[in-house]
Amino acid sequence: MSRRGSGWHGWIFRCLLRLYPGWFRDAHGEEMALLFEARLERAEGRGARVRLWWRTLRDAASTAVALRRRDSEGGGHRMETLLQDLRYAARHLLRSPVFTLGAVALLAIGIGANTTVFTVVDALIFRPPPWSHPERVVHVYQDSDDGEPSSSSFPATRDMARSDVFAAVAATTPSSATWEGPDGLQQVSTEYTTSSYMEVLGRSVQRGRWFGPENDVVGGAPVAVVSAAAWHARMGSDPDLVGRTIRLNGQPVTIIGVGPEGLTGTITPLVTDFWLSISATMVSGDFQVANLERREDHWYEVLARLAPGVTVQQAQAAMDALAARLAEDYPEYNRGRGITVFASSDVRMHPQGDGQLKLAGGLLSAVVLTILLLACANLANLLLVRGFSRSGEMAVRSALGAPRGRVARLFLLESILLAVVGGLLGLLLTRWALQALPALPLGDVLPGKMALGIDARVALFSLVLMATTGVLFGLAPAVRTARSDVARALRDDRRGSSTDRGSSRLRSLLVAVQVAASLVLVLGTGLLARSLAALQTVDTGVDADHVAYLRVDWSRAGLEEGQAQAAIDQLRERLGALPGITGVALATRLPAQRSGTTTTEVEGYTPPAGTDAVELPFALVTDGYFETMGIPLVQGRLFDDDDVPGGSGLSIVIDRAAARRFWGDADPIGRRMRGQGSEAWTRTVVGVVGDAPVASLGESPRPMFYFSTRQRPSAPSYLVARTSGDPAVILAPMRRELSGLFPSAVVDAQGTLATHFGSTLSTPRMAARAMGAFSALALLLAGLGIYAVVSFSVARRTSELGIRMALGAECSGVVRMVVREVAGVVVVGLVVGVAVSAFATSQLSGMLYGVGALDPIAFGAAVLVLLGVAWIAAWVPARRAARANPVEALRVS
Amino acid sequence: MSPTTNPRTIPLRPPVYHILLALVGRDRHGLGIADEIERASEGALELGPGTLYRSLSEMTDARLIRAVPAPSADADPRRKYYRITPEGRELLARETARLGRLVETARARGALPEQA
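One line per chain: the protein sequences are D and B, in this order. Residues in the first sequence are numbered from 1 upward in steps of one, following the working numbering. Residues in the second sequence are numbered from 1 upward in steps of one, following the working numbering.
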């Protein structure tokens, strides 16, 4: 219709039509445009066209205003109709409670799960930190020995602070402490920070003051600033807190301020309870004080605010220069060690951890999006089925004179009502889930507690998505009703024979989508579960079933330098005399536990990275440790009377992985190591023991070494004992003996080695459980979807089935026929699901242990589970139909 | 419905009168009505699209005219056809009679040139 030359005129006229009320535009807009275009064609010359436009504009303005005024005067009447319809829709929904409950539950689950997960993911990955001008804040990292950006030594942070590319530089390191709070001992998270911290972040305390330069040195008064979150949650917002002295790890620390609201710590969603000054480092023990001066110890994260006008690139150049200077001044520690500057927007937790974090976040988002897809598909299905089964009713209303628009509006209102109620419930679910979340044992998924609030944007997104689904699929039957020929609709409804082909195809498609999506989730669960099972049965190299442990805080036991060995001997003797106990020892760490490493040079071994040293995990153990843990001696000897204290020499026992890595098949006994930077080869290998998990279960064997309290007398914190029976039983006698000997030694953790190993699996177990819960939900949804489709098709064909039965069809034959019809759709869904899974699980392979991403058992099991669910969901309604009395079935029609 | 837009008010507004007049004798669609009015008024009255369709809408509501199926199958399906109702016809007759008396009066007073 757009004739030559009239194109843009016509377009403007169509825009002009927007002035009119919608109903008028719908009724006459098209013809008005035709009329205008016909006139435009007749208008010869520019003047005529201008006059035409002038008249048209005047006409449009006056008539549009008149029409709108008339509409608004008649508005009271329209409002009343709307209310009436709303009431009707609500009543109608309540009359089919199963449908309504189902739809509302779907909406609530979809919106709730989505909002919860995206709130967490957003807080972890996307939300900008609550700093002033975060774009001017950078992270600065010294390289680790592997050449990756890592943490920095405290002396290096001082060097960085002297650079003029930064307006301020803050060093910070997370820690934890035991706080003697009003409700007894509590574990709190702390962060050591420097006086420049608030300046870097551009925030200021809300009460008291922040640290001053006098607090940046050891020897100054130990002071703390409590975070706003902890002030509210742990101290009841006590207004007189500032100036009070608290005890952390038994040491007095004075609180000098309360942090700003909303600032929870360096890593945004994680909550720090106390910021501690550098002058308070002795709270964490001597090593925390000592590392302040050691360039070989890299404990601190650096946050810096760029000086005005300085770019990240310029800061990087300055740090390159600093790295070169450090390499020259301290070649033994800093040769080849770079310094990297990251814009704060490029770092979430740590450059090396962010990948994992984003992977987990992405995976979780994908899973809940799948759930949302399922919920939407199911809701669509429900609404379609309901809408088409009601087309008869709607036709009657039309026939009785209800305007078609109003009939359509009824459908729409029902959908909107459902969306609103479901959405509100979903938000309640989210609130509840977010409150419950911090209480979950997240293990090392998240290194701390999180501060979370519902993100309005996320909630709105989910709500809009679900509401759109509801409206779209609620509208489809409405449109059909509005368009349909009343007589035909009535006829169809009575005969129940002609299902709309398009709609049945749409429903089949929805079922296929649901089957495919749930297959992906079920399969993911299967893989994670198999991986978890493999981890649980992994041969740890440790005889874990009969060992119990206590973690002892010796700091207040008042052991003097020379008393440690005597205390250890006493303790081992007393505990060893207990009935059932066959071995007692102490160690600084348990197997499968992240703990200290030391930078070590190994005689005759050059690490592949080209550095001259390796990071080696170590443990300080007493006699009897290996026997107690069931770690076998492979070669050489264990610690004995030859290992005497004093002197610079140190006997070490290494694990088999270390022997293999460093010396291959050669004899490791008598080989030497030394701490990086030391002059002499001080550590001599005297024995090799079997591999025990070092940092986590399921890892491939890692090099580590042990040295003895015989040569380094001190009391390690883990007291372990072996028994012939149930290890949990000996915990109480162990504690009794310990407190009998050392009344002020505090036990701050206890358990059996088996539970410790179990708890190290908390991350994979959490992942498998979450995935399991989600896929159970998915299965339920898919099952419901199939059930609904089969029920509907059976109900539509009641008379046909009745005739078949009357003509002598077997009950089982009818069931088979009905089930066969849905089987094709299910198979299509399964094929698509397997294809998608094959791609999706490859993303998961990093999280799997001992099972391939294309594990045939997991795939087979997932397909079988879905087939089973689909079969039950189809069989139940089919069976019901086939059982029906043929006479009854025929009478219905 | 507010009285100012009631198309039944006599004297009829010019668009209403002309639309009724255009529909006497045959069904027409909107564009046809507009053309007919322009022709009959010798180009003096060109109804804007808004005026035309607003009037059609109000007249339909007032049952002076009604929408009818297109007269032939090959008519443009986008166009809606209108037919004058008996009520519309009666109203048109009353208004025409009133105008006729008005013309008589004018002629009696010599306001009209002698008929050619």
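A virtual CB, placed ideally from N, CA and C, is assigned to each residue, including glycine.
With 16 as the cutoff for other CB atoms within 10 Å, does residue i come out buried or exposed?
i, result
"W917(D)", "Nothing can be reported for residue 917(D): it is not among the residues displayed for chain D, which extend from 1 to 893."
"Y88(D)", "exposed"
"G5(D)", "Here the model assigns G5(D) a pLDDT of 47, short of 50, so the residue's position is not dependable, and the following value carries that caveat. G5(D) should be labelled exposed."
"D655(D)", "buried"
"H133(D)", "exposed"
"L472(D)", "exposed"
"T56(D)", "buried"
"R136(D)", "buried"
"W23(D)", "exposed"
"F287(D)", "exposed"
"V16(B)", "buried"
"E301(D)", "buried"
"L94(D)", "exposed"
"E601(D)", "buried"
"W210(D)", "buried"
"D26(D)", "exposed"
"E560(D)", "exposed"
"P743(D)", "exposed"
"L17(D)", "buried"
So which residues of chain D does residue i contact, with C-beta pairs closer than 7 Å?
i, result
"T51(B)", "D59, T63"
Cβ atoms of residue j and residue i: under 8 Å apart, would you say?
i, j, result
"H28(D)", "Y81(B)", "no"
"L523(D)", "T752(D)", "no"
"L866(D)", "V547(D)", "no"
"V253(D)", "A280(D)", "yes"
"S196(D)", "V169(D)", "yes"
"G541(D)", "I631(D)", "yes"
"V552(D)", "L719(D)", "yes"
"P260(D)", "R203(D)", "yes"
"H139(D)", "S415(D)", "no"
"V205(D)", "V225(D)", "yes"
"I109(D)", "A366(D)", "no"
"A715(D)", "I581(D)", "no"
"R335(D)", "P155(D)", "no"
"L276(D)", "T190(D)", "yes"
"A34(B)", "L35(D)", "yes"
"M28(B)", "E38(B)", "Looking at the sequence shown, residue 28(B) is not Met but Arg. Contact: no."
"H756(D)", "Y549(D)", "yes"
"L530(D)", "V789(D)", "Reading the sequence as shown, one finds Arg at residue 530(D) and not Leu. It is not a contact, given that the beta carbons lie outside the stated cut-off."
What are the partner residues of residue i, as DSSP defines its beta bridges?
i, result
"S651(D)", "T684(D)"
"E180(D)", "L185(D)"
"I246(D)", "V253(D)"
"P948(D)", "No information on residue 948(D) is available, as it lies outside the stretch 1 to 893 that chain D covers here."
"L506(D)", "DSSP lists no partner for L506(D)."
"D553(D)", "V746(D)"
Mind listing the chain D neighbours of residue i? Cutoff is C-beta to C-beta under 8 Å, in chain order.
i, result
"L31(B)", "E31, L34, L35, A38"
"R54(B)", "F24, T63, A66, L67"
Kindly list, in the order they appear in chain C, the residues whose Cβ is closer than 7 Å to that of residue i.
i, result
"A43(D)", "Note that chain C does not occur in the displayed structure, where the protein chains are D and B."
Name the chain D residues whose beta carbon is nearer than 9 Å to that of residue i?
i, result
"A93(B)", "What A93(B) touches in chain D: nothing, since even the nearest Cβ is about 27 Å away."
"A75(B)", "The premise fails here: A75(B) is roughly 13 Å from chain D at the closest Cβ pair, so nothing lies under 9 Å."
Could you work out which residues of chain B lie near residue i, taking near to mean beta carbons separated by less than 9 Å?
i, result
"T56(D)", "G48, P49, G50"
Going along chain B, which residues have a C-beta under 8 Å from residue i?
i, result
"F859(D)", "Within 8 Å Cβ-Cβ: nothing; F859(D) doesn't reach chain B, min ~55 Å."
"H92(D)", "Near H92(D) there are no residues of chain B at all, since even the closest Cβ is about 30 Å away, more than 8 Å."
Who are the neighbours of residue i on chain B, taking C-beta pairs under 7 Å?
i, result
"H9(D)", "None at all; the shortest Cβ gap to chain B is about 13 Å."
"A48(D)", "Ordered by position in chain B, no residue passes the 7 Å Cβ test against A48(D), which lies about 12 Å from the chain."
"F839(D)", "None at all; the shortest Cβ gap to chain B is about 48 Å."
"H133(D)", "Within 7 Å Cβ-Cβ: nothing; H133(D) doesn't reach chain B, min ~55 Å."
Using a Cβ-based criterion (distance less than 7 Å to any ligand heavy atom), does residue i qualify as near the ligand GDP?
i, result
"T63(D)", "For the structure depicted, the ligand GDP is absent and the ligand set is empty, with no information on it obtainable."
Within the region 100-172 of chain D, ranges of the alpha helix (DSSP H) (whole runs, at least 4 residues): Residue ranges of uninterrupted alpha helix (DSSP H) with 4 or more members, entirely inside the region 100-172 of chain D and ordered along the chain, are 154-161.
Which runs of the beta strand (DSSP E) spanning at least 3 residues fall entirely within the region 20-71 of chain B, listed in chain order? List check, beta strand (DSSP E) in window: 65-68.
Whole beta strand (DSSP E) elements within the region 725-778 of chain D, 3-residue minimum: Fully enclosed beta strand (DSSP E) runs of 3 or longer: 746-752.
Let me know the beta strand (DSSP E) ranges lying completely inside the region 280-312 of chain D, each 3 residues or longer, listed in chain order. Within the region 280-312 of chain D, the complete beta strand (DSSP E) runs of at least 3 residues are 301-306.
Can you list, in chain order, the stretches of the alpha helix (DSSP H) that have 4 or more residues and sit fully within the region 308-360 of chain D? Taking 4 residues as the minimum length, the alpha helix (DSSP H) runs contained wholly in the region 308-360 of chain D are 312-329, 331-334, in order along the chain.
Restricting to runs no shorter than 4 residues, where is the alpha helix (DSSP H) found entirely within the region 831-881 of chain D? If we require 4 residues or more, the region 831-881 of chain D turns out to have no alpha helix (DSSP H) run fully inside it.
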